[in-house]
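Asker: Have a look at the structure that comes next, please.
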Amino acid sequence: MSEVNDKSVEKEESMLLQKQMIADHFKALSKAKENNKKVVYTFVPGNLNELIWALDMLPVHPEINALQSAMRKKSGGYILEAEKAGHSEDVCTYVKCDIGMMRRGNVGPTGDPLPEPDLLLLSYTGCFTFMKWFELLKEEYNCPVVMLHVPYQAEGKVTPQMRDYVVKQLKEVVIPKMEEISGNKLDLDRLGTFLESSGRAENDLVAVWESAKNKPSPIDAYFGGVYYIGPIFSAFRGLPEAEIYYQTLRREVEERVRLGLGPVTPDGVMKQEKYRLVVEGPPNWTSFREFWKMFYDEGAVVVGSTYTKVGGYYSEGFRHSGKYPLESLAEYCLGCYTNHNLSDRVGILEKYIKDYDADGFVINSIKSCNSFSAGQLMMLRELENRTGRAGGFIESDLVDPRYFSAANIKNRLESYFQMVEAKRGGRRAPESTL
Amino acid sequence: MSVKQIIDECERLFNDLDFSYVKEWKKRTGKKAVGFMPVYVPREVIHAAGMLPVGIMGGGADLEIIKGDAYFQSYICHIPRSTIELGVSGKLNVLDGMLFPAICDVIRNLSGMWQMLFKDKYVKYLDLPQNFDKTIGGEFYKFEMRTLAEDLAHLGGEPVTADHLNRSIQLYNDNRRAIADLYKLRAEQPHLVMTSEAYLLLRAGIVMDVEEHTQLVRRYLHDVTKEKRHKMDNIRVVVSGAFCEQPPLALIKGLEQSGCYIVEDDWVLGARYIEGDVQLAADPYESLAQAYLFHAVANASKYEDQHEKGAFLVDQVRRLKAEGVIFCAPSFCDPALLERPMLADALTREKIPYTSFNYSENTGQFSVFKEQTGTFADSIKLWGHS
Ligand code: SF4
Ligand code: SF4
Chain A
18 MSEVNDKSVE
28 KEESMLLQKQ
38 MIADHFKALS
48 KAKENNKKVV
58 YTFVPGNLNE
68 LIWALDMLPV
78 HPEINALQSA
88 MRKKSGGYIL
98 EAEKAGHSED
108 VCTYVKCDIG
118 MMRRGNVGPT
128 GDPLPEPDLL
138 LLSYTGCFTF
148 MKWFELLKEE
158 YNCPVVMLHV
168 PYQAEGKVTP
178 QMRDYVVKQL
188 KEVVIPKMEE
198 ISGNKLDLDR
208 LGTFLESSGR
218 AENDLVAVWE
228 SAKNKPSPID
238 AYFGGVYYIG
248 PIFSAFRGLP
258 EAEIYYQTLR
268 REVEERVRLG
278 LGPVTPDGVM
288 KQEKYRLVVE
298 GPPNWTSFRE
308 FWKMFYDEGA
318 VVVGSTYTKV
328 GGYYSEGFRH
338 SGKYPLESLA
348 EYCLGCYTNH
358 NLSDRVGILE
368 KYIKDYDADG
378 FVINSIKSCN
388 SFSAGQLMML
398 RELENRTGRA
408 GGFIESDLVD
418 PRYFSAANIK
428 NRLESYFQMV
438 EAKRGGRRAP
448 ESTL
Chain B
673 MSVKQIIDEC
683 ERLFNDLDFS
693 YVKEWKKRTG
703 KKAVGFMPVY
713 VPREVIHAAG
723 MLPVGIMGGG
733 ADLEIIKGDA
743 YFQSYICHIP
753 RSTIELGVSG
763 KLNVLDGMLF
773 PAICDVIRNL
783 SGMWQMLFKD
793 KYVKYLDLPQ
803 NFDKTIGGEF
813 YKFEMRTLAE
823 DLAHLGGEPV
833 TADHLNRSIQ
843 LYNDNRRAIA
853 DLYKLRAEQP
863 HLVMTSEAYL
873 LLRAGIVMDV
883 EEHTQLVRRY
893 LHDVTKEKRH
903 KMDNIRVVVS
913 GAFCEQPPLA
923 LIKGLEQSGC
933 YIVEDDWVLG
943 ARYIEGDVQL
953 AADPYESLAQ
963 AYLFHAVANA
973 SKYEDQHEKG
983 AFLVDQVRRL
993 KAEGVIFCAP
1003 SFCDPALLER
1013 PMLADALTRE
1023 KIPYTSFNYS
1033 ENTGQFSVFK
1043 EQTGTFADSI
1053 KLWGHS
């Protein structure tokens, strides 16, 4: 049964804007060498986008290439390519997808070949595998690497020593290396301008997330959310384009709230919000639409998600700021979601469940990703205990199609929704119908 | 004590998942014990606080996992589930605290699970720097160590003064030398120092008092030279990838029986993490930091900013006249398995043969591995390559 109405989906202005931004960026990347632009490969969590722009370099994010490859059904072949070259079946498939893609000509999502990196900026935030990934790329490209080690928030806080350690690395290692490679000198005021712009875009993004407190929620904060984070988690944080995108998105979402509309799905606008959920963990990209459909067909809307905080956690008030540029970058890196300890992660989910009045939560445990997945079974129990809400646990992979079992996930979700119903036990009727 | 008695005693410690040695030590001294996970922690700081550092290397081959599997998905390595099993079954109650060094995301997240599961215990995630500049990573690491020392004092340990710490460094230097001698003798006369014995000696060292252990190793070294052991027609190999979750003892023995003399390895790596002595100094934290920054062995959990990947392994092979490498890593171990292709490439460039397999600490079937390494050994013997 479909819980969405059947009118065809019109592309909203924000979607068109994003599409154009991505196309322009990949165009710029394909011309990077002829325009003498230096290219920096870097990771989404803890990315130093503003710094990259302030030094007139161009960023590439390998995770985004990997997920785009998966959505275009190419990741399976890339992964096999890497496994043929000696990579283990057991390790993170993002890495293998990237290596396979590179070995097959490094063609980006728009069909243009990606330029080779002039620098690998190893922002080592929240994931150990990042280090191995760039060590591997260093071998492949034979190019310089600069490491930014971001300490883990093991005690649930950022100490001055942690912040100073990151700032010192920025000042004495990262920035000098980037200046050397780019041939440009960093202008702190210019960096500040980018950072201020980031802060404004972040304000709008947070307003979009918080709109999910409405009933019905005008957004799906996970399946729709991964589109909303596109610009700010990738190349555009700090740029005027990102500001315009988030202003537009916010306006659209506010309009949906005014009209009492639910989220837009690939099959149209959801007409009935039956379940409000919080989701922990990254999505599956190889069967993204099929996966999403399993939720919206049941009338399930995700009102809060943690995956959309891996590239920046803004829920507690942090915003980039030009007033203290390097400290602000350090705090940003330290605050990314997977850099929080497990207890804090449970706390974040608990808060989402309460603040967004969710019926329960689902953990999508990703085979590839130890950073997210190790400990999630305990998070499940802890969260059920703390909130009394139903927890669901499903397993898939990010970009390896071999680990997406649609029937299995669907079964589990069906049982899960029954459990939510049972827990509700008539506690409350569906809050709103359109 | 004969060699056999020494090794039997080590094996008893190795098999004792009730940690009776630690219990007795605590009773005898009235002091506390702090556990640590692989790979490396500065045990000197724990020792200087008057506590016993106890290495927890998982539950081994025989521990029945009753509750641990409910905490981890099937695609996560085995050591965290057996460690949780030890914890929730009360076997680690003897420990007053637990340290989780920064090695991978599994151990990192296990630290958070420990915080939630054992709220009355001291738990610290020890963030080891990946920046190797004295004034940056070094300062950060010194702060981490000082925090650890303060925490331990708070936990009921002794204040870690410079004198105490220097004395502990001295004792661990003695221990490092004894272990280095053990490895040297094994490399020179591998028929004499069996790897299974060297391994058990190392395992004993992560549980025992450091002075006692140094004496034990020294006694072994003295006595083993008197043993009559026959030389075999084995090939000389380096084992790489087993730095965290440990292979079962039977697997180690199986490698030897398949025709390989293991002349270098990376299991129980924490005991040999620092090469050479740590300097005694007015600021011993500085010495420990420098040892970590500049004299640590290359391994998958540490960022390589200076040398080419694999140079360390190639150097080991050349220096010890090894004829090949056995990559032997735990299943689902991202650090070891992502490192492996880079190391393998380095070996290929140098025309050094290798073979690879994955294990789990509770692997029960060894015939496949034995056959594989046996074939590897035969091919090297016959043709000089695999
Ligand atoms: S382990 Fe997880 S966070 Fe790390 S690179 Fe892989 S998917 Fe990303
Ligand atoms: S075996 Fe590997 S993945 Fe598992 S805890 Fe140890 S280092 Fe981490």
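For the record, the sequence lines run as chains A and B. Here my numbering is used: position 23 in the first sequence is 40, and no number is missing along the way. Here my numbering is used: position 189 in the second sequence is 861, and no number is missing along the way. The C-beta atom is built at its ideal place from N, Cα and C for all residues, glycine as well. Everything numeric in this text was worked out from a predicted model, so none of it was measured.
(1) I'd like to confirm something about A/Pro168: is its beta-carbon nearer than 6 Å to some heavy atom of ligand 2, or not?
(2) Using the Cβ count rule (16 or more neighbours within 10 Å means buried), how would you classify A/Met18?
(3) To the nearest whole angstrom, what separates the beta carbons of B/Leu728 and B/Thr755, a pair I think is in contact under 8 Å?
(4) Does any C-beta atom of chain A lie closer than 7 Å to the C-beta of B/Phe691?
(5) Starting from the beta carbon of A/Phe378, find every residue of chain C whose beta carbon is closer than 9 Å, and list them in chain order.
(6) Beta carbon of B/Phe772, beta carbon of B/Tyr797: below 7 Å?
(7) Say the cut is 6 Å; is the CB of A/Ser322 nearer than that to a heavy atom of ligand 1?
(8) Below 8 Å on the Cβ atoms is my guess for A/Val363 versus A/Met311; work out the distance and round it to an integer in Å.
(9) Is it the case that the Cβ atoms of B/Val865 and B/Val675 are separated by a distance below 7 Å?
(10) Apart from the five residues on each side of it in sequence, which residues of its chain come closer than 6 Å, Cβ to Cβ, to A/Gly328?
(11) Can you find a CB in chain B that lies within less than 7 Å of the CB of A/Tyr169?
(12) Cβ closer than 7 Å: which chain B residues qualify as neighbours of A/Val108?
(13) Could you check how far apart the C-beta atoms of B/Val997 and B/Leu985 are, in whole angstroms? I think they sit under 8 Å.
(14) Measuring CB atoms only, is the segment 421-435 of chain A touching the segment 815-822 of chain B, in the sense that at least three cross pairs come out at less than 8 Å?
(15) Distance, Cα to Cα, B/Val713 vs B/Phe815?
(16) Can you name the residues that DSSP bridges to B/Val997?
(17) I think B/Tyr933 touches B/Ile907, with their Cβ atoms under 8 Å apart; what is that distance to the nearest whole Å?
(18) Could one say the Cβ of A/Tyr349 lies closer than 7 Å to chain B's Cβ atoms, at least one of them?
(19) Could you tell me which of A/Leu294, A/Asp135 and A/Phe308 sits nearest to A/Thr323, measuring between CA atoms?
(20) Alpha carbon to alpha carbon, how far is B/Glu883 from B/Leu843? Give it in angstroms, no decimals.
(21) What does the alpha-carbon distance come out to for the pair A/His166 and A/Asp361?
(22) Are the C-beta atoms of A/Tyr324 and some chain B residue less than 7 Å apart?
(23) Using a Cβ cut-off of 7 Å (strictly closer), state whether A/Lys24 contacts chain B.
(24) Can you pull the DSSP bridge partners for B/Glu936?
(25) How close, in whole Å, do the beta carbons of A/Ser388 and A/Glu412 come, if the pair is a contact with beta carbons under 8 Å?
(26) From A/Leu276 to A/Arg207, what distance separates their C-alpha atoms?
(27) If we count the other Cβ atoms within 10 Å of its Cβ and call it buried at 16 or more, is B/Gln1037 buried or exposed?
(28) Rank B/Gly810, B/Glu995, B/Asn765 and B/Gly1056 by C-alpha distance to the C-alpha of B/Asp792 and give the top, closest one.
(29) Residues in its own chain within less than 7 Å of B/Gln1044 by CB, not counting five upstream and five downstream?
(30) To the nearest angstrom, report how far apart A/Leu359 and A/Leu394 are at their CA atoms.
(31) Between the segment 389-410 of chain A and chain B, which residues of the former have CB atoms less than 7 Å from a CB of the latter, in chain order?
(32) Whose C-alpha, out of A/Tyr239, A/Gly334, A/Gly298 and A/Gln289, is nearest the C-alpha of A/Gly316?
(33) Could you check what DSSP says for A/Phe434 in three-state terms: helix, strand or coil?
Answerer: By the coordinates alone:
(1) no
(2) Bear in mind that a pLDDT of 44 at A/Met18, under 50, signals an unreliable position, so the model cannot answer this.
(3) First, the amino acid is wrong: residue 728 of chain B is Ile here, not Leu. 6 Å between Cβ atoms; contact.
(4) no
(5) Absent from the structure: chain C. Protein chains present are A and B.
(6) yes
(7) no
(8) Not really, about 25 Å apart at Cβ, beyond 8 Å.
(9) no
(10) Val61, Pro62 and Phe250
(11) yes
(12) Asp1006, Leu1009 and Leu1010
(13) 7 Å
(14) no
(15) 14 Å
(16) B/Val910 and B/Tyr1026
(17) 7 Å
(18) no
(19) A/Leu294
(20) 7 Å
(21) 21 Å
(22) no
(23) In this prediction, A/Lys24 has a pLDDT of 49, which is less than 50 and means its spatial position is unreliable; what the coordinates show is noted afterwards. Chain B contact via Cβ: absent.
(24) B/Val910
(25) A/Ser388 to A/Glu412, Cβ: 16 Å. No contact.
(26) 40 Å
(27) exposed
(28) B/Asn765
(29) Thr1027 and Phe1029
(30) 11 Å
(31) Ser390, Ala391, Gly392, Leu394, Met395 and Glu399
(32) A/Gln289
(33) helix
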